[in-house]
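The opening residue of the sequence shown carries number -12 in this note's numbering; numbering runs sequentially from there.
Think of the CB as a built atom: it goes at the ideal place given N, C-alpha and C, for glycine as much as any other residue.
For clarity, every value in this text was computed on a predicted model and none was experimentally measured.
In what follows, a single structure is set out as structure tokens and then discussed.
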Amino acid sequence: MNWQHTQTSGVSLHDCRATSMHVTDNHIEFIFEDGFLVLADNEHNPHGKVCRSNVASLVIREYDLESIYIFRNFHMFGRRILTVRRSIDLNRLAEMLNSGKRQLEFITTYISDFTVLCTCEIWSDRKPYHRECLFETVYESIEYNWNATADNQ
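In structure tokens form, the structure reads like this:
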């Protein structure tokens, strides 16, 4: 890809959906077919405003996965009465996304020096259409990659 950004600011994943992912022993790569948001202050954004990239990726290098949780709500009489937290592994999440039947929407991403915590929604084409998800990992470096933004495609 043409552009690579390695700082934890300058890119936003808010409301962006990963449509597939690749997992190896030393990195996790999320693919965003509809891109992500390149912020106005990003050094690789010549437009001076927030722009959406084209196909993009997020690479988390040298990771140590802490947890992936999917939450399932149970309702009675229209009210949520119970939430069950289920732990899944990284390969299961990759299977879900790579099947083409699910997408991972990033809602909030909290990044500290070497830990990333993401609140997400896993979207499906059948009921329940989405479920809350939490993803946390320790990492050595993060890379955001893309070829172009909406104004220069």
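Residue-level contact to chain D via CB, E16, 9 angstroms cutoff: Protein chains in the displayed structure number just one, and chain D is not present.
Bridge partner(s) assigned by DSSP for D51: V125
Expected contact under 8 angstroms - CB spacing of E130 and V46 to nearest Å: 4 angstroms
Three-way DSSP call (helix, strand, coil) for R79 in this model: helix
Helix, strand or coil at A27 [DSSP, three-state]: coil
Closest residue to R4 among L24, W(-10) and T11 (Cα-Cα distance): L24
Whole-angstrom C-beta distance between L84 and I15, which should lie under 8 angstroms: Their Cβ separation, rounded to whole angstroms, is 11 angstroms, which puts I15 and L84 out of contact at 8 angstroms.
Under 9 angstroms between C-beta atoms of R39 and G22: yes
Selected residue, minimal CA-CA separation from I57, among M63, S44, L80 and F17: L80
For N85, three-class secondary structure by DSSP: helix
Near the ligand SAH: T70 beta-carbon under 8 angstroms from a heavy atom: As presented, the structure is devoid of all ligands, the ligand SAH included, so that no description of it is given.
Cβ-based neighbour list, Y116, same chain, cut-off 7 angstroms, excluding 5 preceding and 5 following: W110
Assigned secondary structure, A137 (DSSP; H/G/I helix, E/B strand, else coil): helix
Cβ distance (whole Å) where I98 is taken to contact C107 below 8 angstroms: No, I98 and C107 are not in contact; Cβ-Cβ is about 14 angstroms, not under 8 angstroms.
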